[in-house]
Structure formats: C-alpha cells, structure tokens
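In my numbering, the protein residues as written are 26 to 325. All residues carry an ideal CB built from backbone N, CA and C; glycine is no exception. Below is one structure, written out as structure tokens; the observations come after it.
Take a look at the structure:
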C-alpha cells in the first residue's frame with residue numbers, strides 16, 4: 026500500500042540548560058539536523074520581532090535598494106551586500122519592486138532579510154544570540170571555541186517571500202576543517218503553506234558541493250566541487266512552531282520554497298564557526314580588524 030503522508034523528522038523538547046542528551050547528540054550525528062521545540066519563549070520571539078521592525082522602520086529605502094536572491098544572485102557585485110559582514114543592513118525581496126522600480130507595497134512588507142552583524146551591533150539581538158543555553162548546545166556538539174560569525178533576520182514575506190535554493194552553509198562560511206553550524210529560530214510558525222525549511226537528513230555526510238569565496242581580484246565567485254545532484258526524494262519538511270530551534274550541520278543540504286500564502290514566516294538565523302579552525306581570508310564574509318568574531322560572552 027502506498028503511503029501518501031508527508032515525511033517528518035523527529036523533534037525533541039528543548040533540554041534544560043541546553044544540555045543535549047546522548048540521544049540528541051546521536052540524532053544530530055546521524056542526520057545533520059536537530060529540532061528542539063520551545064527553545065525560546067513566545068515573549069523572546071516577540072521582542073526580537075519588534076526590534077527587527079524598528080531596524081526596518083529606520084531604514085531608508087531610497088538610499089539603498091539592494092535585492093537579495095539565491096536564484097539569480099542579483100546581490101553579488103553589490104558593495105552594499107558584499108561589505109555587510111560587520112554591519113546591519115536591509116535587503117529587499119526580489120518581487121518587491123514594480124517595472125518602474127517603485128515598491129509595490131509598504132516597506133515593512135518588502136524586506137527579505139536583515140544582515141549580517143546585528144548579533145554584535147544591536148543589544149536586543151546580542152542578548153537573544155548569547156543565550157547560555159545556546160552556548161551549551163554548541164559545546165555539546167563539539168565546538169571548542171564557538172564564534173558567532175553571521176546573523177540573518179529573515180522575513181519570508183507574504184506572497185513575495187522568495188525561494189531559497191538547496192545549499193550547504195559551509196559553502197559560504199568555510200573553515201578548515203569544516204565547522205559551521207546553523208542555529209535557526211522560528212519567530213513564527215513555519216508551515217508547508219508559508220515556506221518552511223526542508224532538509225536532506227543524513228546528507229551532511231556528503232562532500233561539500235560548492236565553495237563561495239573572493240578571488241584574487243576580490244570578486245565573489247562560486248566554485249563547483251561536485252556536480253552530482255541532491256536526491257529530491259530525500260527532502261523532509263521541517264515544519265516547526267514558534268520558539269523552536271533547528272540546528273543545522275554546515276554540510277547539511279537545506280532549502281525553502283517561496284511563500285505564496287498570506288502569512289509571513291519570520292525566522293532568525295545565527296551561524297557559528299569554531300575559532301579552533303582556520304577561517305580563510307578569502308571567505309565572502311569579512312570584517313574590519315577592529316571587529317573580530319566574538320563568542321557567547323556578553324561583554325566581548
């Protein structure tokens with residue numbers, strides 16, 4: 026008999042103090058993904074959502090009109106994007122503008138994401154990101170010197186929230202050896218209807234397929250390392266409730282579809298790298314020398 030139900034992945038209740046059980050650690054080792062429900066409170070989510078709204082409200086859309094798209098890479102070659110590693114900047118959805126270059130709707134409903142250093146530059150984002158429970162999760166997953174390298178607040182706007190193509194985070198945050206871990210927080214419920222994430226459990230054991238870096242001229246390039254296609258049949262939706270944390274191995278292939286619903290799917294992503302590993306200067310995300318990556322300590 027054919028099973029037509031949508032596949033799912035095991036979820037765990039958030040552990041006290043962020044201390045992962047042996048079962049949780051084994052699940053992550055086997056699958057490259059770990060879903061921890063109710064990791065942060067509704068109040069914490071709403072506080073971060075409010076702060077994201079404040080940042081967008083202060084943003085002048087006439088000053089910078091950078092679009093972020095993983096499908097056509099329109100942000101590449103844009104200095105506003107390429108030099109955002111140590112700044113807080115807003116990027117528009119690809120479908121935000123009409124043929125004349127005007128916003129189709131309110132600015133607050135047109136932003137794709139905020140990135141990439143609000144976890145260091147904004148007190149509210151810093152406090153959320155430097156949760157001691159999160160530091161414990163990183164430690165339990167084997168990180169020797171976890172550094173908070175990049176943050177993104179993703180809006181996945183109603184009706185225009187763009188597709189994110191299948192990728193591995195270590196493509197963009199490359200270390201030797203690989204150490205990147207993604208911490209993805211659901212600010213709102215993420216469902217099939219509003220563009221939840223999908224992952225390919227177990228395929229984090231596959232080699233890195235691409236490397237995104239700056240060449241000798243400083244231009245962003247993507248080098249193909251492996252041409253084999255991801256097995257579509259292994260995709261599993263990661264539907265989660267508000268407050269859930271999805272932990273992603275840096276080599277886990279994951280993606281999300283466009284949001285064609287009338288409900289947003291806001292999320293906050295924090296990417297960690299291990300300071301015990303080498304972070305090449307050729308990585309796309311770079312910072313000024315006076316603003317190095319920091320760990321979970323509040324005061325730097």
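Exercise for review: Report yes if the CB atom of residue 207 is closer than 8 angstroms to the CB atom of residue 176, and no otherwise.
Suggested key: It is not a contact, given that the beta carbons lie outside the stated cut-off.
Check your understanding: Given a threshold of 16 other Cβ atoms within 10 Å of its Cβ, counted over all protein chains shown, does residue 143 qualify as buried or as exposed?
Key -> Residue 143 comes out buried.
Check your understanding: Can you tell which of 169, 223, 257 has its C-alpha closest to the C-alpha of residue 34?
Key -> Ranking 169, 223, 257 by CA distance to the CA of residue 34 puts 223 first.
Review point. Along the chain, where does the alpha helix (DSSP H) that runs through residue 145 open and close?
Key: Per DSSP, residue 145 belongs to the alpha helix (DSSP H) from 143-146.
Check your understanding: My guess is that residue 164 and residue 289 are in contact by the Cβ rule of under 8 angstroms, so how many angstroms apart are they, rounded?
Key -> Not really, about 33 angstroms apart at Cβ, beyond 8 angstroms.
Review point. From residue 54 to residue 60, what does the alpha carbon distance come to, in whole angstroms?
Key: Residue 60 has its alpha-carbon roughly 13 angstroms from the corresponding atom of residue 54.
**Study point:** Cross-strand partners of residue 78 (DSSP beta bridge)
**Key:** DSSP, once it has assigned bridges, lists no residue as partnering residue 78.
Practice item. In angstroms with no decimal places, state the Cα-to-Cα distance between residue 255 and residue 279. Key: Residue 255 and residue 279: Cα-Cα distance of roughly 10 angstroms.
Practice item. Using alpha carbons as the reference points, say which of 320, 251, 191 lies closest to residue 262. Key: Closest in alpha carbon position to residue 262, among 320, 251, 191, is 191.
Check your understanding: Among residues of its own chain, excluding the 5 on either side of residue 200, which ones have a beta-carbon nearer than 7 angstroms to its beta-carbon?
Key -> Around residue 200: 298, 299, 302, 303, 304.
Point to revise | Pick from 241, 159, 83, 116 that is closest to residue 42, judged by C-alpha positions | key: The option with the nearest alpha carbon to residue 42 is 159.
Review point. Among 274, 130, 136, 106, which residue has its Cα nearest to the Cα of residue 83?
Key: For the residues 274, 130, 136, 106, the minimum Cα distance to residue 83 belongs to 136.
Practice item. Spatial neighbours of residue 90 within its chain, please: CB distance less than 8 angstroms, with the 5 preceding and 5 following residues excluded, ordered by chain position. Key: Cβ within range, chain order: 117, 122, 126.
Check your understanding: Which one or two residues does DSSP pair with residue 299 in a beta bridge?
Key -> According to the DSSP secondary-structure assignment, residue 299 is paired through a beta bridge with 171.
Check your understanding: Quick one: what's residue 294 bridged to in DSSP?
Key -> Answer is 177, 209, bridged to residue 294.
Check your understanding: Cα separation between residue 119 and residue 185?
Key -> Straight-line spacing of the CA atoms in residue 119 and residue 185 works out to 8 angstroms.
Review point. According to DSSP, is residue 65 helix, strand or coil?
Key: Reduced to three states, the DSSP call for residue 65 is coil.
Review point. Assuming residue 110 and residue 233 make a contact with CB atoms under 8 angstroms, what is their CB distance in whole Å?
Key: Rounded to the nearest angstrom, the Cβ distance from residue 110 to residue 233 is 21 angstroms, too far for a contact under 8 angstroms.
Point to revise | Backbone secondary structure at residue 100 - three-state DSSP | key: Confidence at residue 100 is low in this model, with a pLDDT of 44, below 50, so the placement of that residue should be treated as unreliable; the coordinate-derived value is given next. Residue 100: coil per DSSP, three-state reduction.
**Study point:** Whole runs of the beta strand (DSSP E) within the stretch 210-278, excluding any shorter than 3 residues
**Key:** Within the stretch 210-278, the complete beta strand (DSSP E) segments at least 3 residues long are 222-224, 235-239, 245-249, 261-263, 270-274, listed from N- to C-terminus.
Practice item. Would you list the one or two residues that DSSP bridges to residue 36? Key: Under DSSP, residue 36 takes part in a beta bridge, and its partners are 60.
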